[in-house]
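In the numbering used here, the protein residues as written are 437 to 561. Heads up: the structure comes next, in C-alpha cells.
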C-alpha cells in the first residue's frame, strides 16, 4: 500500500477528563500507533463531537477524498451520529472513510491491540 493511501489515526480524547479513558495512557498509545503501525500519521483531538471538532473535520476533509480515517474515541455509533453530516457536506460516506473504534474503559495494551487489529485489517500484515 502506498504511503499516500495509508490510514490516518485520529484519537479523540474527550477533553482528557472522561472517566472512560482513565486507564489509557494517551501518549503511549499515540506513539505506538505512529511508530509501530502502518499509518500515515497519528494525531490527537481533544473533543471531535463539539463545534471545533466540526471545524476540524470541515478543514481537514477534502471533496473526493479516498483516505481512510481510523478514529479512536467513544462508541462507534455515536461517532457516526456526530461526524456523518460533515462527511456528507464534503460528498463523502462516513461508512467508507471511517473505522470508528470505541477505546473507552480499556487498559493501554488493550487499546493498542484493538487499533493494531483495525490497521492490519486495512493494510494487511
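From the three backbone atoms N, C-alpha and C, an ideal C-beta is built for every residue, glycine too.
Let me make sure I understand the geometry here. Which of the options has the alpha-carbon closest to that of residue i?
| i | options | result |
| --- | --- | --- |
| residue 484 | 474, 509, 502 | 509 |
| residue 516 | 532, 479, 443, 471 | 532 |
| residue 562 | 502, 500, 507, 476 | As shown, the chain starts at 437 and ends at 561. That puts residue 562 outside it, with no answer to give. |
| residue 530 | 446, 476, 504 | 504 |
| residue 468 | 559, 544, 560, 558 | 544 |
| residue 551 | 522, 527, 465, 492 | 465 |
| residue 523 | 482, 541, 502, 493 | 493 |
| residue 535 | 519, 546, 542 | 519 |
| residue 570 | 480, 474, 560, 491 | Here the chain comprises residues numbered 437 to 561, so residue 570 is not present and cannot be evaluated. |
| residue 461 | 481, 553, 547, 554 | 547 |
| residue 405 | 528, 487, 540 | The shown model of the chain, from 437 to 561, leaves out residue 405, and the question about it has no answer. |
| residue 446 | 478, 513, 555 | 478 |
Mind checking who residue i pairs with in its DSSP beta bridge?
| i | result |
| --- | --- |
| residue 444 | 477, 505 |
DSSP on residue i, reduced to helix/strand/coil?
| i | result |
| --- | --- |
| residue 558 | helix |
| residue 460 | coil |
| residue 484 | coil |
| residue 453 | coil |
(message) Please give the ranges of any beta strand (DSSP E) in the segment 489–547, keeping only runs that are unbroken, at least 3 residues long and fully inside the region.
(response) Segments of the beta strand (DSSP E) lying fully in the segment 489–547: 505–509, 534–538.
(message) Check whether the segment 455–472 and the segment 493–501 are in contact - that is, three or more C-beta pairs closer than 8 Å.
(response) Not touching, per the Cβ criterion.
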